[in-house]
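> Just so you know, the sequence shown maps onto residues -25 to -1, 1 to 146 in mature numbering (1 follows the signal peptide of the UniProt record, and there is no 0).
I have a structure I would like to understand better, so I am pasting it below and will then ask my questions one at a time.
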Amino acid sequence: MKKGILLFGIGAATLLGSCASTTTAKQTTGIGKDVRGSWTLTSVDYNGFSKNEVKGNVKVNETVANVFDTASPECYEGSTWSLVQNNKKGTYTFNSAGASCPQGTADIIWDVQQDGSATYFIFKDVTGIKAKQNTAGYKLKISRVDANSMQLVQDVNTSGKIAQVIYNFQR
C-alpha cells in the first residue's frame, strides 16, 4: 500500500512538473513569435545615469562607451533588425550617419528565454564565423513587446553602479 501511494505521488509530481514546463515553453514560444520580424530601433533611453548633474564643482556626465562590443548606443538608433523565427537567425544594419559609428550589417543568432518571471532576448554576433566560434553573447530583458513596438532593457555597469540602456523598437 505504501509503495502504491509513493508511486502515485511520484507520478503526480512528474505530471505536474511537465505541465508547468510546457506552459513556460508555450509562453516563450509566443513571445518569440511576437519578437520575430523586421524592426527599426527608433530611440535609446537611459535609466540610472547621471546626466549633467553637478557634484561639488564637478559636472558629471556618465556615458556608455560601447554596447555589444561594437559602438555607442546612439550608433544603433535607426538600425534595422531582421529576426527570423524558424531558424533563429537574423541581422542588424547600422543606418547612423555619425562619423564614429560603424557601417554595414552584422549577422546574429537569437533566442527568447524565460528566467523566472522575466523574459530575455539573447543574441550573439556570428558575422563571418560559425556560431560555436563566438562564446560571447548579450542578454536584454524584454520589457514589452506587441504587434508594433518592442522595448529591450540592458543592464550596464557605469562608474561602479548598474544602470539601464533602454532600446525602443518600432515595426
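A virtual CB, placed ideally from N, CA and C, is assigned to each residue, including glycine.
Which two residues bound the contiguous beta strand (DSSP E) that contains residue 144?
136 to 145
> Is it right to say residue 48 is buried, meaning 16 or more other beta carbons lie within 10 angstroms of its own, or is it exposed?
Buried.
> Give me the Cα-Cα distance between residue 72 and residue 79, rounded to the nearest whole angstrom.
12 Å
> Which of the three DSSP states is assigned to residue 106 in this structure?
helix
> Among 139, 13, 50 and 91, which residue has its Cα nearest to the Cα of residue 74?
Here the closest residue by C-alpha is 50.
> Apply the 10 Å Cβ neighbour rule to residue 87 and answer buried if 16 or more other Cβ atoms are within range, or exposed otherwise.
It counts as buried.
> With DSSP collapsed to three states, give me the class of residue 73.
coil
> Pull up the distance between the alpha-carbon of residue 52 and that of residue 133, whole angstroms please.
21 Å
> Would you mind reading off the limits of the beta strand (DSSP E) that contains residue 63?
Where residue 63 is concerned, there is no enclosing beta strand (DSSP E), given that its DSSP letter is neither H nor E.
> Quick check: the Cα distance between residue 60 and residue 89, rounded to an integer number of angstroms?
16 Å
> Could you name the residues of the same chain whose beta carbon sits closer than 6 Å to that of residue 15, not counting the 5 residues immediately before and after it, in chain order?
55 and 145
> Can you tell me the Cα-Cα spacing of residue 10 and residue 81, whole angstroms?
18 Å
> For residue 83, count neighbouring C-beta atoms within 10 Å of its own C-beta (all shown protein chains included) and say buried if the count is 16 or more, exposed if not.
Buried.
> Could you tell me the distance, in whole angstroms, from the CA atom of residue 139 to the CA atom of residue 128?
6 Å
> Is the beta carbon of residue 40 closer than 8 Å to that of residue 77?
no
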